[in-house]
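Student: Can you keep this structure in mind? I'll have questions shortly.
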Amino acid sequence: MKRNRLRSILINIFAFLSLITIISSLYSCERLRNKWERRERKLHYLQEEIDSARKLETHVQDSVWRALDSAKQKKQ
31 MKRNRLRSIL INIFAFLSLI TIISSLYSCE RLRNKWERRE RKLHYLQEEI DSARKLETHV
91 QDSVWRALDS AKQKKQ
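For the numbering used here, add 30 to where a residue sits in the sequence shown, where the first one is 1.
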């Protein structure tokens with residue numbers, strides 16, 4: 031009788047610990063997913079910033095070339 035009771039208690043403890051392990055691993059997965067999503071959003075933001083900087087650089091270079099062409103035409 032005591033043996034069956036002890037076995038039942040051990041099985042319940044094992045089941046409880048297994049449940050806690052599963053819940054904690056799911057929580058960990060959720061945290062990793064959230065972290066990944068934040069990094070993806072940050073990457074998207076940085077890509078937009080890079081594109082914006084490239085457009086600005088192109089605009090500045092075009093302005094400089096136009097100014098140089100204009101200066102050359104005035105000299106001639």
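The beta carbon of each residue, even a glycine, is placed where N, CA and C say it ideally should be.
#1: For GLN106, name the three-state secondary structure that DSSP assigns.
#2: In its own chain, which residues sit with a C-beta less than 8 Å from the C-beta of ARG37, not counting the 5 before and 5 after it?
#3: For SER55 and PHE46, what's the separation of their Cα atoms in angstroms?
Tutor: In terms of the structure at hand:
#1: coil
#2: Cβ neighbours of ARG37 within its own chain (closer than 8 Å, five residues either side excluded): none.
#3: Separation of SER55 and PHE46 (C-alpha to C-alpha, rounded to the nearest whole angstrom) is 14 Å.
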